[in-house]
């Protein structure tokens, strides 16, 4: 009985997100004709393919109690670098894609290594990484570079029919995103690596004492996120067929918001890759509703996403307050025993004042 | 010999040492590679040159860094200052620009030297709105018990939207000369924003160091729970600190919008929050909270601003400069990290032992 209650509690944020998505979609369904077509639903995947890919990478990072602010910049850098390599240097597109993925992985890995070996907060390191990647875009080119490569063009125009629906299709990028989602879910929930990530996010110290290779896993998580960002960058540049340093601004915020709305705790150790899908869908849906409305300006999207993030953080803290309280109690007793030496000073102070 | 080692230790342990060293290195770089960097001439009765420009542009960053230092000292962070700068700039300009009244106006009328609201109301309103933003952050952090990074992220995401709402999505231009004085004026030959920043710095210093407030802030940053147990009202101090940070961002927004004579909700104060945090980090205040130094943060702001100005002087495109800024910051962070300090101490000890 108590076991069942526990599971309910664990799934609650995820269920809440799905409910929000369903309600919003029903609202749109009843209000706008355009949303009644199945294609409207699939457009959510097409428009947000790159956001979904990068958010899945971000989910892993946040599960280890880290954060990566550089994803938007890496997406932009990938778009510029691939455009430059294709158009100015005339490299083979397949080679370019491989190079970009390598670059992203390496970039993330280096940041992870700095975070781990120098014990600097992930927030600061990835902030510097973001500055660096954004700036590099403009060292490559100040203007947008259009991509004319035939393979990229074919990929951009390809439509994948969905069986069962007459006129519904997905773009190649959306299919890639769904594949990444499935792989991400498998890695997070069915592999030893995924378990280790959850363990590190839950309590790094005990993960270390358990004998898990904490450093290696943390670095690899950032590398994985770098890979996802680069992949998102490729999908992004295929859909836009150009590269520029100002693309994908604020994507890191959207990704973090999506992960949070998807029910992953920013304190690490709890959450689902599947939830991130709904986080992305909800943010995409808000954007779509505002577009369909036509009267509201696009900046309402930002306000709505901000408000929704806040609400979900509130929901999270409600659902986890009991867990946290227990943890805090444990921590307080630990700290007390640690800082015995401080007690006499306090005693002295009180006697002095007395 | 022990004497010299002692002073070296003292010097290295001082929070001012590293930021000053960084500043000296940048200025030294300019001495060799940027011709004309140290030229100061008198133009229209005031000083002008790269150094004056750094002080002028740097004052916005200094103000943000002062507010941010207090927040970071409590172990928090405020990501929303850039958005608050935009909101404050939007509020002030929308009150000045007669276009707010939604009446048809000719372009002649638009560039007339007028304001639709008295200046003091504009300034007060902008500062009030910014302070309210800070209060909101403070409430979320202290009463809502939300992680500071996340709580302020909300306003960072939504804040630019709010600024857009205020300006009706337009870039508002102002042509009111008295307002320009805030960001463009000169006093005693030096830029006026510098005086604002110095005034705020002095007030904050008095507040933090001549009352117990600074001590409370540090004690919360070191251990919030034990401060609470020793009778410090942890919640209210956090609330005040975030509110103050919003207030500082409000002043910065006024200077910023007055300097460029307009308010662009999308781009005003873009990435400023990052610069402000970096200034504090360069100033040696730990992100985990605790000991802070306002002066070191101000010098940190100068370091960031001189790096930026140097980039421009050397001819790096404005957008590309951030790559080098990122590298500089990374080097500084690595220099500050405990691991590097450990290695450095060992090297110094070995050298000392050999001599």
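Chains as they are written, first to last, in the numbering used here: chain L, 615 to 968; chain D, 917 to 1271.
In this text, a Cβ means the ideal position worked out from N, Cα and C, and glycines have one as well.
Taking one beta carbon from each stretch, the region 853 to 861 of chain L and the region 834 to 843 of chain L have fewer than 3 pairs nearer than 8 Å; the two do not touch.
With fewer than 16 other Cβ atoms inside 10 Å of its own Cβ, residue 1233/D counts as exposed. For residue 1156/D, same chain residues with a beta-carbon under 6 Å away, outside a window of 5 residues either side, do not exist. For residue 959/D, the enclosing beta strand (DSSP E) begins and ends at 957 to 959. Residue pairing by DSSP places residue 1089/D opposite 1178/D in a beta bridge. At least one CB atom of chain D sits nearer than 9 Å to the CB of residue 911/L.
Around the beta carbon of residue 733/L, fewer than 16 other beta carbons lie within 10 angstroms, which makes this residue exposed. For residue 1203/D, the closest C-alpha among the options 1075/D, 1106/D, 1049/D and 1064/D is that of 1064/D. The beta-bridge partner set that DSSP reports for residue 785/L consists of 773/L. The three-state reading of DSSP puts residue 759/L in strand, counting E and B together. Look at the region 1229 to 1248 of chain D: the residues with a C-beta under 7 Å from a C-beta of chain L are 1233, 1235, 1236, 1237, 1238, 1239, 1240, 1241, 1242, 1243, 1245 and 1246.
The shortest CA-to-CA distance from residue 967/D to any of 1249/D, 1209/D, 1228/D and 1152/D is the one to 1228/D. According to the DSSP secondary-structure assignment, residue 857/L is paired through a beta bridge with 759/L. Taking a Cβ-Cβ cut-off of 7 Å, the neighbours of residue 750/L in chain D comprise 1239, given in sequence order. Counting of Cβ neighbours within 10 angstroms places residue 959/D among the exposed residues, the total staying below 16. Residues of chain L with a Cβ closer than 7 Å to the Cβ of residue 1253/D are, in chain order, 732, 733 and 734. When 8 Å is used as the limit between beta carbons, residue 821/L is near no residue of chain D, the shortest such separation being about 21 Å. The three-state reading of DSSP puts residue 1107/D in strand, counting E and B together.
DSSP places residue 693/L in the uninterrupted alpha helix (DSSP H) bounded by 685 to 701. Straight-line spacing of the CA atoms in residue 1208/D and residue 903/L works out to 46 Å. The region 700 to 709 of chain L makes no contact with the region 814 to 823 of chain L: fewer than 3 CB pairs, one atom from each, lie closer than 8 Å.
Spanning the alpha carbons of residue 890/L and residue 1137/D requires a straight line of approximately 33 Å.
For residue 963/D, the enclosing beta strand (DSSP E) has its first and last residue at 962 to 964. Under the three-state reduction of DSSP output, residue 1252/D falls in the helix class. Residue 766/L carries a helical assignment under DSSP once its states are collapsed to helix, strand and coil.
Exclusion of the five residues before and after residue 905/L leaves no residue of its chain whose Cβ lies closer than 6 Å to its Cβ.
A check of alpha carbon separations from residue 1220/D across 1212/D, 1191/D, 1239/D and 1240/D identifies 1191/D as the nearest. For residue 1003/D and residue 776/L, the gap between their C-alpha atoms comes out near 46 Å.
With a threshold of 9 Å between beta carbons, residue 1204/D makes contact with chain L. For residue 833/L, not one C-beta of chain D is nearer than 9 Å to its own C-beta.
Counting C-beta atoms within 10 angstroms of its own C-beta, residue 714/L has 16 or more neighbours from the protein chains shown and is therefore classed as buried.
For residue 1064/D, the enclosing alpha helix (DSSP H) stretches over residues 1064 to 1083. In terms of Cβ geometry, residue 979/D and residue 1113/D form a close pair [threshold 9 Å]. DSSP places residue 890/L inside the alpha helix (DSSP H), whose first and last residues are 887 to 907. Residue 738/L places its beta carbon 9 Å or farther from that of residue 982/D.
Residue pairing by DSSP puts residue 1102/D in a beta bridge opposite 1107/D.
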